[in-house]
Amino acid sequence: MSLRSQVLEQLGTVYDPELDEPISTLGFVSSCSATADGDVSVRLRLPTPQCAPNFAYLMAADARAAVRRLPQVRQVSVVLEDHYTGDEINAAVGRGDGFDTAFPGETEGDLDALRELFQRKALLARQARVCQALLAGGASPEAVVALRVADLPDSDDAVRSVALRAVLGLPHDRDAPAILAGDGTALDAEELQTWLRRARLVSLSLETNGGMCRDLLRVRYGEEVAA
């Protein structure tokens with residue numbers, strides 16, 4: 000596999016923190032190149048110039064960190080295009096600095112709390128889709144809450160939900176409950192429907208925002224992005 004292909008594969012592990020979709024799938028990677036010496040250049044684009052700077056920074060910084068994990072990479076340049084705070088973000092990311100150094104005096108600390116908040120929303124949405132699929136397939140609420148991680152289907156939502164649980168420090172081993180409440184405890188059959196109603200709203204919100212981003216990107220750059 001070429002270095003460029005490996006870089007693109009790594010970029011597929013970088014998620015939009017608000018939408019919980021890979022930046023490559025969303026069409027946010029506008030170009031990627033790699034030299035024989037291991038120098039990599041990545042350019043990112045977002046649906047509008049006004050996308051929230053904190054999310055824009057996280058994606059650019061995560062992209063740089065993901066590419067740097069490849070042992071054959073020597074230097075990495077990640078540039079955010081056409082964003083109203085692009086100069087500040089690009090400078091901070093290029094130095095390997097935090098978000099607070101990009102906007103001194105305007106923010107304090109890093110973005111770990113924000114990232115965790117949206118990871119928890121993403122987990123809720125992913126688990127909702129897994130649960131809906133199980134119920135639609137004929138499983139009863141009692142059967143769903145009895146399932147373990149090892150019983151989950153090999154779907155994108157199930158795989159991603161387990162990965163998010165690991166990142167958040169929630170039970171994720173093979174014997175852990177397949178569906179968890181936000182505090183990491185197991186759900187019982189009586190509360191599953193109440194939990195699912197709330198989870199569906201979060202899932203719908205993420206799906207709607209993702210669709211809007213694709214539409215805005217299509218209008219801005221004249222390119223179709225697969226859903």
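Residue numbers for the sequence shown follow this note's numbering, beginning at 0 and rising by one. Where a beta carbon is used, it is the ideal one built from N, C-alpha and C, also for glycine. As the structure is a prediction and not an experimental result, all values here were calculated from the model.
Per-residue burial, residue i [other beta carbons within 10 Å of its own, 16 or more giving buried]
| i | result |
| --- | --- |
| GLU20 | buried |
| GLY95 | exposed |
| SER202 | buried |
| ALA121 | buried |
| GLY209 | buried |
| ASP61 | buried |
| ARG156 | Per the sequence shown, residue 156 should be read as Asp rather than Arg. Buried is the call here. |
| THR84 | buried |
| ARG213 | buried |
| ALA177 | buried |
Distance CB(residue i)-CB(residue j) smaller than 9 angstroms
| i | j | result |
| --- | --- | --- |
| LEU10 | SER23 | yes |
| ARG159 | ARG197 | no |
| LEU146 | PRO140 | no |
| GLY26 | ARG3 | no |
| LEU195 | ALA127 | yes |
| ALA149 | ASP182 | no |
| VAL39 | VAL75 | yes |
| ASP86 | ASP99 | no |
| VAL144 | LEU191 | yes |
| VAL66 | VAL6 | yes |
| ARG63 | VAL41 | yes |
For residue i, the residue or residues it bridges with in DSSP
| i | result |
| --- | --- |
| ALA51 | Its beta-bridge partners do not exist; DSSP assigns none. |
| ARG42 | SER30, VAL78 |
| PRO21 | TYR14 |
| PRO170 | DSSP, once it has assigned bridges, lists no residue as partnering PRO170. |
Collapsed DSSP secondary structure at residue i in the structure displayed
| i | result |
| --- | --- |
| TYR83 | coil |
| ARG159 | helix |
| LEU200 | helix |
| LEU186 | coil |
| ARG147 | strand |
| LEU179 | strand |
| GLY97 | coil |
| GLU222 | coil |
| GLN71 | coil |
| ARG137 | Checking the sequence shown, residue 137 turns out to be Gly, not Arg. DSSP places GLY137 in coil when its eight states are reduced to three. |
| LEU110 | coil |
| GLY209 | helix |
| PHE117 | helix |
| SER1 | coil |
Residue i beta carbon near the ligand FMN (any heavy atom closer than 8 angstroms)
| i | result |
| --- | --- |
| GLY137 | You won't find the ligand FMN in this model; it holds no ligand whatsoever. |
Residue-level contact to chain C via CB, residue i, 9 angstroms cutoff
| i | result |
| --- | --- |
| THR100 | The structure shown contains no chain C; it is built from a single protein chain. |
Legend entry - Stretch pair the stretch 203 to 219 + the stretch 161 to 178: three plus CB contacts closer than 8 angstroms: no
Inset, instruction - Could you say if the stretch 50 to 58 and the stretch 70 to 88 meet the contact criterion of at least three C-beta pairs nearer than 8 angstroms? - result: yes
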